[in-house]
């Protein structure tokens with residue numbers, strides 16, 4: 009719809025403050041980059057990047073002044089005289105990205121533009137793309153299934169599910185306050201831990217399979233409301249958990265058994281069993297935990313999330 013290939017069923021599409029709802033695609037000044045490269049095989053890299061500028065009838069020196077800095081930033085300056093068949097997949101992807109950038113459009117539409125790059129080059133190109141976007145100050149709609157890309161690049165995130173927005177917010181808001189269980193599991197690697205529980209009004213506690221926890225203070229008001237949900241899902245991020253070898257004197261504690269450890273260099277990813285359910289925690293690189301060991305997990309109540317067990321929507325927090 010932003011590009012103009014489909015019309016909205018309601019509302020308007022504005023680009024740069026201009027109503028573009030009824031404008032033809034070629035009048036919208038958008039630049040698109042997809043996972044496929046769409047390069048002209050008979051043209052050199054330079055000619056591919058120059059093509060949209062020549063269509064705008066810019067002078068040759070102006071075209072060169074636009075292309076060279078972008079090619080340098082994307083690491084393709086040494087490839088300007090080559091044809092697409094002489095390039096790797098990652099190089100062709102950067103050429104396609106550069107061709108879009110030199111146009112200086114009113115909006116970029118990028119659909120997984122870094123997906124064909126290797127891991128190291130993806131991180132480097134991601135940083136350059138963020139710098140270029142900041143310097144150009146052009147609105148960018150960036151589609152990706154890579155949540156790390158989304159969190160690092162976005163000013164605002166829209167988490168989509170089955171074609172509908174599940175949550176809209178800053179990366180911090182979406183990560184720290186997921187609106188639904190889907191968002192909690194989708195954003196974050198490893199994802200948010202989720203445990204089924206029940207609200208027991210008479211005891212003012214959350215009943216899990218292995219323990220009962222006091223109601224976190226931020227959810228007192230939501231659960232005191234008329235007809236609160238009794239079937240709930242308790243959520244918490246892996247980094248919020250702390251491991252203990254002896255049972256600590258705190259109310260928010262889970263007995264658990266270490267299932268497997270995955271050393272990752274700077275940290276250790278620990279998978280644990282809490283009853284019949286599995287959770288993940290982040291441990292120190294030199295953690296002494298071993299598979300089968302009984303441990304206790306603690307979490308600050310402020311780090312807990314509660315979701316309605318039926319609707320999967322987060323309960324309202326109060327400060």
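Residue numbers (the numbering used here): 9 to 327.
Don't be surprised by glycine CBs; every beta carbon is placed ideally from N, CA and C.
Helix, strand or coil at residue 119 according to DSSP, with G and I counted as helix = Counting from 1 along the chain shown, the entry for residue 119 is found at position 111. When secondary structure is reduced to three states using DSSP, residue 119 falls in the strand class.
Is the Cβ-Cβ distance between residue 79 and residue 97 less than 8 angstroms?
-> The residue you call residue 79 lines up with position 71 of the chain shown. The residue you call residue 97 lines up with position 89 of the chain shown. Against a cut-off of 8 angstroms, the Cβ pair of residue 97 and residue 79 comes out as no contact.
Tell me, which residues are paired with residue 31 by DSSP?
-> Numbered from its first residue, the chain shown carries residue 31 at position 23. None, per the DSSP bridge assignment.
What is the DSSP secondary structure of residue 108, counted as helix, strand or coil?
-> As a working mapping, residue 108 is identified with position 100 in the chain shown. Residue 108 carries a helical assignment under DSSP once its states are collapsed to helix, strand and coil.
What are the uninterrupted segments assigned as beta strand (DSSP E) that are 3 or more residues long and contained completely in the stretch 107 to 186, given in chain order?
-> 115 to 119, 147 to 151, 165 to 169, 172 to 177
What does a CB cutoff of less than 7 angstroms around residue 130 pick up in its chain, not counting 5 residues either side in sequence?
-> Translated into positions along the chain shown, residue 130 becomes position 122. Closer than 7 angstroms at Cβ, skipping near neighbours: 122.
Which residues mark the beginning and the end of the beta strand (DSSP E) in which residue 279 is found?
-> Your numbering for residue 279 matches position 271 in the chain shown. Boundaries of the beta strand (DSSP E) harbouring residue 279: 276 to 282, taken from the DSSP string.
Are residue 305 and residue 250 touching if we call contact CB-CB under 8 angstroms?
-> Within the chain shown, numbered from 1, the residue matching residue 305 stands at position 297. Within the chain shown, numbered from 1, the residue matching residue 250 stands at position 242. If you check the CB distance, residue 305 and residue 250 come in under 8 angstroms.
Determine which residues share a DSSP beta bridge with residue 188 and list them.
-> Numbered from 1 along the chain shown, position 180 holds the residue referred to as residue 188. Note: residue 188 sits in a beta bridge opposite 321.
Residue 313 by DSSP, collapsed to three states: which one?
-> As a working mapping, residue 313 is identified with position 305 in the chain shown. In the structure shown, residue 313 falls within a strand segment according to DSSP collapsed to helix, strand and coil.
Cα-Cα, which of 75, 229, 318, 57 is closest to residue 325?
-> What you label residue 325 is simply residue 317 of the chain shown in a count that begins at 1. When each option's Cα is compared against that of residue 325, the closest is 229.
Using beta-carbon positions only, say whether residue 315 and residue 240 come within less than 8 angstroms of one another.
-> Along the chain shown, read from residue 1 onward, the residue named residue 315 stands at position 307. Along the chain shown, read from residue 1 onward, the residue named residue 240 stands at position 232. Taking 8 angstroms as the Cβ cut-off, residue 315 and residue 240 qualify as a contacting pair.
Pairwise C-alpha distance: residue 169 and residue 140 = As a working mapping, residue 140 is identified with position 132 in the chain shown. As a working mapping, residue 169 is identified with position 161 in the chain shown. Annotation: residue 140 to residue 169 spans about 29 angstroms, alpha carbon to alpha carbon.
Answer yes or no: does any C-beta atom of chain D fall closer than 8 angstroms to that of residue 127?
-> The structure shown contains no chain D; it is built from a single protein chain.
Apply the 10 Å Cβ neighbour rule to residue 189 and answer buried if 16 or more other Cβ atoms are within range, or exposed otherwise.
-> As a first step, residue 189 must be located in the chain shown, where it is residue number 181. By the neighbour-count rule (16 or more Cβ atoms within 10 Å), residue 189 is buried.
Bridge partners - residue 52, DSSP secondary structure assignment | Along the chain shown, read from residue 1 onward, the residue named residue 52 stands at position 44. According to DSSP, residue 52 bridges with nothing at all.
Buried versus exposed, by CB contacts within 10 Å (16 or more), residue 180 | The count along the chain shown starts at 1 and reaches residue 180 at position 172. By the 10 Å Cβ count, residue 180 comes out exposed.
Just reading off the alpha helix (DSSP H) that residue 261 is part of, what are its end residues?
-> Reading the chain shown from its first residue, position 253 is the one you call residue 261. Note, residue 261: premise wrong, no alpha helix (DSSP H); beta strand (DSSP E) at 261 to 271.
CB-CB length for residue 322 against residue 186, believed under 8 angstroms | The sequence position of residue 322 within the chain shown is 314, counting from 1. The sequence position of residue 186 within the chain shown is 178, counting from 1. The pair is a contact, with the Cβ atoms about 7 angstroms apart (cut-off 8 angstroms).
By a C-beta neighbour count over all protein chains shown, 10 Å radius and 16 as the cutoff for buried, is residue 157 buried or exposed?
-> As a working note, residue 157 is residue 149 in the chain shown. Residue 157 comes out buried.
Between the stretch 52 to 62 and the stretch 16 to 26, are three or more C-beta pairs nearer than 8 angstroms?
-> no
Can you tell which of 52, 101, 166 has its C-alpha closest to the C-alpha of residue 89?
-> What you label residue 89 is simply residue 81 of the chain shown in a count that begins at 1. Taking only the C-alpha atoms, the option nearest residue 89 is 52.
Looking only at its own chain, which residues have a Cβ that is under 8 angstroms from the Cβ of residue 298, when we skip the five neighbours before and after it?
-> Walking along the chain shown from the start, residue 298 turns up at place 290. For residue 298, where only same-chain residues beyond five positions count, the Cβ hits under 8 angstroms are 266, 269.
On the three-state DSSP scale, how would you describe residue 222?
-> Taking the chain shown and counting its residues from 1, one reaches residue 222 at position 214. The answer is strand: DSSP assigns residue 222 an E or B state.
Would you check if the distance between the CB atom of residue 218 and the CB atom of residue 263 is smaller than 8 angstroms?
-> Numbered from its first residue, the chain shown carries residue 218 at position 210. Numbered from its first residue, the chain shown carries residue 263 at position 255. Yes, the pair counts as a contact, with Cβ atoms nearer than the cut-off.
According to the neighbour-count rule (16 or more other Cβ atoms, all chains shown, within 10 Å of its Cβ), is residue 133 buried or exposed?
-> For the purposes of this step, residue 133 is identified with residue 125 of the chain shown, where counting begins at 1. Buried: at least 16 other Cβ atoms inside 10 Å.
Would residue 92 be called buried (16 or more neighbouring beta carbons within 10 Å of its own) or exposed?
-> Here residue 92 refers to the residue found at position 84 when the chain shown is read from its first residue. Result: buried.
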